[in-house]
Amino acid sequence: MKEVKLKKKLFGAFIEIILYDFSKKEADTILKKTYKEALRLEKIFNIYDTSSELSILNKSKKKKVSPELLFVLKKALTLCKLTNGKYDVSQGEEFLARKKGLKISQKKCSYKDIKITKDVVTINNSEAKIDLGSIAKGYITDKIKEFLIKQGAKSGIINSRGDIALFGNSTTNVKIRHPRNPKKVIGSINLRNTSVATSGDYTQYNKSFENSHIINQNKFISVTVIAKTLIEADLYATVFMICSDSLRKEILKNKKGLKFLGIKSDLTIIKV
Amino acid sequence: MNKANIVKEKHEADNFFSQNLENNKKKSKIATVEVSEDEGYSSHEPKEKEAVWFIDKEPPKDNVREIFVRPPKDDDYGEGVITSAS
Chain V
149 MKEVKLKKKL FGAFIEIILY DFSKKEADTI LKKTYKEALR LEKIFNIYDT
199 SSELSILNKS KKKKVSPELL FVLKKALTLC KLTNGKYDVS QGEEFLARKK
249 GLKISQKKCS YKDIKITKDV VTINNSEAKI DLGSIAKGYI TDKIKEFLIK
299 QGAKSGIINS RGDIALFGNS TTNVKIRHPR NPKKVIGSIN LRNTSVATSG
349 DYTQYNKSFE NSHIINQNKF ISVTVIAKTL IEADLYATVF MICSDSLRKE
399 ILKNKKGLKF LGIKSDLTII KV
Chain Z
6 MNKANIVKEK HEADNFFSQN LENNKKKSKI ATVEVSEDEG YSSHEPKEKE
56 AVWFIDKEPP KDNVREIFVR PPKDDDYGEG VITSAS
């Protein structure tokens, strides 16, 4: 099948989009419109941009927010509640410190300090800083996919720096790296018209894997989730890295359409 | 035709049509075939085969595109533009 490959700067680096239905010229035109929308969405969630909507909310502690921010925040808070705070989007400060290799005193705040009344978000704790990084990329990628489909794209791949959204009927073999030996592939799966995300301790850590960017990590060192949307794949990949076995089993039992592959520190593999 | 006859004929016509409507409804109930839905796939569409994991072995050589899924890296983001933490 003829394909057009395009690269666009997003999330601070390059994402790759492959389209199967268009000439290079047509694809460029379509992508130009899509990219404008992607940049608008990125601007909402970027916690390192002091003028982003999320940063303004974190600073002002009370703000009427956009439908996009409201949607993603509500989705995240549902999982915060479900995991009883093991997944907690109020811990933005700690997450940023861990990425810099800094140790900070534990913040006395939780997702329970975040209140939503209609479209107004209030943060009732000066130490709380909302970080939606675990799902914002998935959400934005889903929106890029929707936008491309609206423009007439029937089949393609969006590779958002490791998070993958596939649409249409072309099959792709998605490979998962060995979390302790990056030259090796530990497994793969043939997919089409779905989304896949991986969370793991092996790409962001300070000196040792134990000091990864993931707060409250459990015994998994890599978790891959396949879901209908990338926001869900992203969210559950993070949640399964930190939640209990029983909760993971319950979610996988009740949430139809999720597939899961987890690798434990002794390299045993659990898959659904 | 006097007025009484006209009224009688109108009633008979109304009854005829309402009776027909009732019969048609009954017929259409009998003729209706329930199409069962299962997770978004109607019964006349081929159901998607469930994807299977290939662990420690190569997938069949189907000449499909290969791509890596992975967690985000620090170097995914330029200065001051980190957006993901998964």
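Those sequence lines, one after another, are chains V and Z. Counting from 149, one number per residue, gives the positions in the first sequence under the working numbering. Counting from 6, one number per residue, gives the positions in the second sequence under the working numbering. Quick reminder that beta carbons are idealized off the backbone N, C-alpha and C, glycines included. Only a predicted model underlies this, so the values are computations on that prediction, with no experimental measurement involved.
Item                                                                                                                           : Value
Where V:Gly405 falls, given that 16 or more other Cβ within 10 Å makes a residue buried                                        : exposed
Local conformation of V:Lys223 per DSSP, three classes                                                                         : helix
Beta-carbon contacts of V:Lys209 that lie in its chain and below 6 Å, excluding the five residues immediately before and after : Ile271
Contacting positions in the stretch 307-320 of chain V - beta carbon closer than 8 Å to chain Z                                : Asn307, Arg309, Gly310, Asp311, Ile312, Ser318, Thr319, Thr320
C-beta atoms of V:Ile262 and V:Ile278 nearer than 8 Å                                                                          : yes
Meets three-Cβ-pair contact criterion under 8 Å: the stretch 195-210 of chain V and the stretch 224-236 of chain V             : no
Selected residue, minimal CA-CA separation from V:Glu242, among V:Pro215, V:Ser303, V:Asp267, V:Ala276                         : V:Ala276
Anticipated Cβ contact below 8 Å, V:Asp290 with V:Tyr259, distance rounded                                                     : Not quite, the Cβ-Cβ distance comes to about 23 Å (not below 8 Å), so this is no contact.
Identity of the residues DSSP links to V:Thr346 by a beta bridge                                                               : V:Thr372
8 Å Cβ cut-off: residues of chain Z touching V:Gly348                                                                          : Arg75, Pro76
4 or more residues per run - each alpha helix (DSSP H) lying fully within the stretch 153-211 of chain V                       : 172-193, 201-208
Contact set for V:Lys191: own chain, Cβ-Cβ below 6 Å, skip 5 residues either direction                                         : Ser200
Buried versus exposed call for V:Asn307 [16 or more other C-beta atoms within 10 Å across all chains shown]                    : buried
Where the stretch 360-393 of chain V meets chain Z: residues whose CB sits under 7 Å from a CB there                           : His361, Thr372, Asp382, Ala385, Thr386
Min CB distance V:Ile324 to chain Z below 8 Å                                                                                  : yes
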